[in-house]
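First residue of the sequence shown? That's 1 in full-length UniProt numbering, and the numbers climb one at a time after it.
All C-beta atoms in this analysis are idealised placements derived from N, C-alpha and C, irrespective of residue type, glycine included.
Reviewing the structure listed below.
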Amino acid sequence: MENLETVHLQVKDIYYPPEEIKKECIVQNYEEMYKKSIENPDEFWSEVANELFWYQKWDKVLEWNIPYAKWFVGGKTNITYNCLDRHVLNGKRNKVAYIYVDEDGNEKKITYGELLELVNRLANGLKSLGVGKGDRVSIYMPNTIEAIASMLACARIGAIHSVVFAGFSEGALKLRINDAKAKVVITAAYTKRRGKKIPLLPTVKDAIKELDFVKKVIVWDRDNELSEEEYGSHYINFQKLIKSSSPVCEPEIMDAEDPLFILYTSGTTGKPKGVLHTTGGYMVNTYLTTKTVFNIKEDTIYWCTADIGWITGHSYIVYGPLANGATSVIMEGVPVYPHPGIWWEYVEKYRVNVFYTAPTAIRMLMRFGDEIPAKYDLSSLKILGSVGEPINPEAWIWYYKNIGREKAVVVDTWWQTETGAHMITTLPCYPSKPGKAGKPLFGVVPAVVDKEGNELPPNTVGHLVIKKPWPSMLRTCWGEPERYEKYWKEIPGGVYSAGDLASVDEDGYIIILGRADDVLSVAGHRIGNAEVESAIVEHPAVAEAAVIGKPNEIKGESIKAFVILKEGYSPSQELIIEIKETVKEVLGAIAVPDEVEFVDKLPKTRSGKIMRRVLRAKELGQELGDISTLED
Ligand code: 6R9
Numbered sequence: 001m002e003n004l005e006t007v008h009l010q011v012k013d014i015y016y017p018p019e020e021i022k023k024e025c026i027v028q029n030y031e032e033m034y035k036k037s038i039e040n041p042d043e044f045w046s047e048v049a050n051e052l053f054w055y056q057k058w059d060k061v062l063e064w065n066i067p068y069a070k071w072f073v074g075g076k077t078n079i080t081y082n083c084l085d086r087h088v089l090n091g092k093r094n095k096v097a098y099i100y101v102d103e104d105g106n107e108k109k110i111t112y113g114e115l116l117e118l119v120n121r122l123a124n125g126l127k128s129l130g131v132g133k134g135d136r137v138s139i140y141m142p143n144t145i146e147a148i149a150s151m152l153a154c155a156r157i158g159a160i161h162s163v164v165f166a167g168f169s170e171g172a173l174k175l176r177i178n179d180a181k182a183k184v185v186i187t188a189a190y191t192k193r194r195g196k197k198i199p200l201l202p203t204v205k206d207a208i209k210e211l212d213f214v215k216k217v218i219v220w221d222r223d224n225e226l227s228e229e230e231y232g233s234h235y236i237n238f239q240k241l242i243k244s245s246s247p248v249c250e251p252e253i254m255d256a257e258d259p260l261f262i263l264y265t266s267g268t269t270g271k272p273k274g275v276l277h278t279t280g281g282y283m284v285n286t287y288l289t290t291k292t293v294f295n296i297k298e299d300t301i302y303w304c305t306a307d308i309g310w311i312t313g314h315s316y317i318v319y320g321p322l323a324n325g326a327t328s329v330i331m332e333g334v335p336v337y338p339h340p341g342i343w344w345e346y347v348e349k350y351r352v353n354v355f356y357t358a359p360t361a362i363r364m365l366m367r368f369g370d371e372i373p374a375k376y377d378l379s380s381l382k383i384l385g386s387v388g389e390p391i392n393p394e395a396w397i398w399y400y401k402n403i404g405r406e407k408a409v410v411v412d413t414w415w416q417t418e419t420g421a422h423m424i425t426t427l428p429c430y431p432s433k434p435g436k437a438g439k440p441l442f443g444v445v446p447a448v449v450d451k452e453g454n455e456l457p458p459n460t461v462g463h464l465v466i467k468k469p470w471p472s473m474l475r476t477c478w479g480e481p482e483r484y485e486k487y488w489k490e491i492p493g494g495v496y497s498a499g500d501l502a503s504v505d506e507d508g509y510i511i512i513l514g515r516a517d518d519v520l521s522v523a524g525h526r527i528g529n530a531e532v533e534s535a536i537v538e539h540p541a542v543a544e545a546a547v548i549g550k551p552n553e554i555k556g557e558s559i560k561a562f563v564i565l566k567e568g569y570s571p572s573q574e575l576i577i578e579i580k581e582t583v584k585e586v587l588g589a590i591a592v593p594d595e596v597e598f599v600d601k602l603p604k605t606r607s608g609k610i611m612r613r614v615l616r617a618k619e620l621g622q623e624l625g626d627i628s629t630l631e632d
């Protein structure tokens with residue numbers, strides 16, 4: 001940000017929570033509680049952590065050797081004990097934990113008692129395959145109860161799960177299994193999407209062909225249709241494994257800083273980073289944020305539409321809601337199939353109180369018109385959440401009016417895979433402003449700074465940083481500590497650099513403007529420009545490629561690729577199709593460029609870096625800006 005810009009905020013409106021909601025809020029005094037969390041963090045976090053179960057309490061809340069933090073030092077717990085046993089022992093054995101629904105109206109409910117038993121059986125099954133504390137298990141599963149149970153089974157025995165979104169292709173899956181050196185992979189025969197069965201097992205088979213450290217693959221054979229030959233010694237039937245394993249499994253006693261999971265996310269360069277989260281701090285902060293941001297009470301029906309393959313699924317489908325003993329809806333499928341009112345049909349059917357989704361989905365559903373949601377009784381809704389990318393005021397207001405019927409509050413939650421939990425949002429008791437995420441949550445000290453780390457005046461665009469460690473922060477990048485350290489070195493002053501551009505208004509509301517670095521945000525998913533480029537270059541005809549994000553009304557950004565062909569190849573429609581196909585194979589459908597343009601040259605710096613900024617400005621007809629470093 002050499003040139004400071006001033007944001008001209010179009011929306012001055014402030015929305016106050018309706019009285020009926022306000023009086024039900026668990027947190028009534030945001031300012032006071034926030035102040036305490038900053039001024040007296042030890043006491044604040046101890047009180048929160050004390051609401052949960054520990055085999056042994058911590059000696060110290062925080063040990064901070066920048067950039068390495070330890071939270072709840074010396075504490076011993078198991079997150080699954082807090083998510084399951086604690087509720088079962090507190091009279092909630094028969095409370096529904098999840099209501100699973102699919103596109104066809106099939107429903108499956110599981111109670112806390114049943115989920116505990118399923119998790120224990122699977123945990124024992126994993127043990128029988130030789131999986132133990134610290135071992136990695138890759139999970140490539142559809143958005144189902146079985147996937148959640150797989151994650152929890154790992155956590156039960158101290159194995160580190162690495163969930164890979166089931167929409168990723170073989171290449172992306174292989175990279176992640178390989179990087180984590182997973183001993184076991186858990187998968188399913190298929191996932192359901194738009195009325196079709198999308199096979200998953202063949203992708204796993206291809207991905208692990210050369211990975212001999214993968215000892216076993218557990219397959220959830222959903223329709224009992226895999227033949228005996230499909231198995232062999234490598235493959236284990238999920239259902240049989242569960243049946244033959246004991247329903248009792250003592251939780252592994254975990255140190256607060258023992259790893260819980262790895263989740264891969266795109267960075268600016270090279271391969272995705274394996275963001276590592278540990279047990280205690282992650283547990284405490286996902287518990288607290290779920291409780292306070294979504295106001296989870298005994299009878300709350302909660303629905304987060306994310307997929308467990310993303311951090312939102314980890315924190316706000318699995319760990320946060322379960323730690324709070326909530327009842328959650330989960331759905332396998334897309335928001336428009338079999339019809340674009342399917343989400344609202346389920347909100348009505350299950351009397352959902354808290355609904356959490358992404359702006360890209362809201363914008364898509366908006367397109368189908370106000371009449372669609374108008375057909376349903378959505379009066380149960382109290383809190384509407386947004387996550388994944390900036391929500392434009394138009395979509396915010398549509399969500400508020402057409403879904404919330406002006407009786408629910410919108411919480412726009414800014415956070416990241418790296419932060420583990422919500423960081424910036426307004427709590428439901430607090431006034432919100434469309435398009436602005438809002439205020440820092442407990443313990444979070446954000447600032448908007450220039451590249452040198454100087455704090456900027458209100459309404460000026462700069463880099464979003466976090467000035468203090470927080471309990472659910474990533475602890476490292478798997479096998480690449482230098483990449484972790486970079487987050488804290490990017491901007492001077494010992495601060496965490498989020499990689500986002502932001503500004504603060506005169507009331508202290510933070511607005512997030514998008515990524516500052518070479519990371520795309522397509523339909524709320526982070527994709528590194530470099531990842532797409534290297535996928536394109538895998539096509540034999542391609543010499544070099546550069547990709548940029550272009551504003552897209554629904555997806556936020558769409559991908560455009562500029563491609564230089566090798567000698568002897570000439571541009572053609574077929575090549576465009578093949579290049580797109582290559583990206584799909586290497587990375588998956590979400591990373592496929594909408595546009596491919598063949599060029600003879602790419603703008604580069606003298607040091608050979610592609611100046612994507614220049615390509616983008618040219619594409620969008622904007623000023624080229626400073627091009628003094630351009631090669632020619
Ligand atoms: C949770 C999640 C993180 C990036 C983040 C930012 C964008 C997320 C946002 C938002 C504006 C919000 N982002 N929430 N931007 N307003 N409420 O999405 O994690 O996949 O790691 O992406 O998403 O750019 O830096 P992740």
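If you follow the alpha helix (DSSP H) that residue i is in, where does it begin and where does it stop?
{"i": "E544", "result": "From DSSP, E544 is part of no alpha helix (DSSP H) but of the beta strand (DSSP E) over V542 to N552."}
{"i": "L263", "result": "First-last for L263: P259 to T265, but that is the beta strand (DSSP E), not the alpha helix (DSSP H)."}
{"i": "C154", "result": "I145 to I157"}
{"i": "V519", "result": "Segment V519 to V522 is the beta strand (DSSP E) holding V519; no alpha helix (DSSP H) there."}
Can you grab the Cα-Cα spacing for the pair residue i / residue j, in whole Å?
{"i": "V519", "j": "V448", "result": "19 Å"}
{"i": "M33", "j": "V444", "result": "12 Å"}
{"i": "K197", "j": "E490", "result": "44 Å"}
{"i": "P431", "j": "H422", "result": "17 Å"}
{"i": "T268", "j": "I21", "result": "41 Å"}
{"i": "T360", "j": "A523", "result": "5 Å"}
{"i": "S128", "j": "P247", "result": "13 Å"}
{"i": "I342", "j": "L365", "result": "10 Å"}
{"i": "Y316", "j": "Q573", "result": "43 Å"}
{"i": "D450", "j": "I186", "result": "45 Å"}
{"i": "L624", "j": "A97", "result": "53 Å"}
{"i": "L384", "j": "I311", "result": "19 Å"}
{"i": "I391", "j": "G134", "result": "38 Å"}
Which term fits residue i, buried or exposed, when burial requires 16 or more other beta carbons within 10 angstroms of its beta carbon?
{"i": "I14", "result": "exposed"}
{"i": "D223", "result": "exposed"}
{"i": "S472", "result": "buried"}
{"i": "S233", "result": "exposed"}
{"i": "N90", "result": "exposed"}
{"i": "W64", "result": "exposed"}
{"i": "H339", "result": "exposed"}
{"i": "R93", "result": "exposed"}
{"i": "A408", "result": "buried"}
{"i": "T6", "result": "Low per-residue confidence applies at T6: pLDDT is 45, beneath 50, and the placement is therefore not dependable, though the value from the model is reported in the following sentence. It is exposed - the Cβ of T6 has fewer than 16 other Cβ atoms within 10 Å."}
{"i": "P67", "result": "buried"}
{"i": "S570", "result": "exposed"}
{"i": "F562", "result": "buried"}
{"i": "N40", "result": "exposed"}
{"i": "I110", "result": "buried"}
Check for me: the beta strand (DSSP E) holding residue i runs from which residue to which?
{"i": "W488", "result": "Where W488 is concerned, there is no enclosing beta strand (DSSP E), although the alpha helix (DSSP H) it sits in stretches over P481 to K489."}
{"i": "A188", "result": "V184 to A188"}
{"i": "M331", "result": "T327 to E332"}
{"i": "S138", "result": "R136 to Y140"}
{"i": "L513", "result": "I510 to R515"}
{"i": "E107", "result": "E107 to T111"}
Apart from the five residues on each side of it in sequence, which residues of its chain come closer than 6 Å, Cβ to Cβ, to residue i?
{"i": "D174", "result": "In the sequence as displayed, the identity of residue 174 is Lys instead of Asp. The answer, listed in chain order, is A207."}
{"i": "L118", "result": "A149"}
{"i": "Y400", "result": "V410"}
{"i": "E107", "result": "V101"}
{"i": "L116", "result": "L84 and V88"}
{"i": "V542", "result": "I536 and V563"}
{"i": "P168", "result": "This sequence places Phe at residue 168; Pro is not what is there. Correct list, in chain order: G588."}
Go through its chain and collect everything with a Cβ distance to residue i's Cβ below 7 Å, but skip five positions before and after it.
{"i": "T292", "result": "I26, V27 and L427"}
{"i": "K57", "result": "G75"}
{"i": "E533", "result": "A545, A546 and V547"}
{"i": "A395", "result": "P359, I362, R363 and M366"}
{"i": "V583", "result": "V532, A535, I536, A591, V592 and P593"}
{"i": "A326", "result": "I296, T300 and Y302"}
{"i": "V478", "result": "Here residue 478 is Trp; the residue named in the question, Val, does not match the sequence. D179, A180, I262, G274 and L276, listed in sequence order."}
Keeping to the same chain, check which residues put their C-beta closer than 8 Å to that of residue i; ignore five residues upstream and five downstream.
{"i": "K271", "result": "L175, D179 and E531"}
Residues passing the C-beta test against ligand 1 heavy atoms, cut-off 7 Å = T265, W310, I311, T312, S386, V387, G388, E389, P390, I391, D412, T413, W414, W415, Q416, T417, E418, A437, A498, G499, D500, I512, G514, R515, S521, G524, H525 and R526
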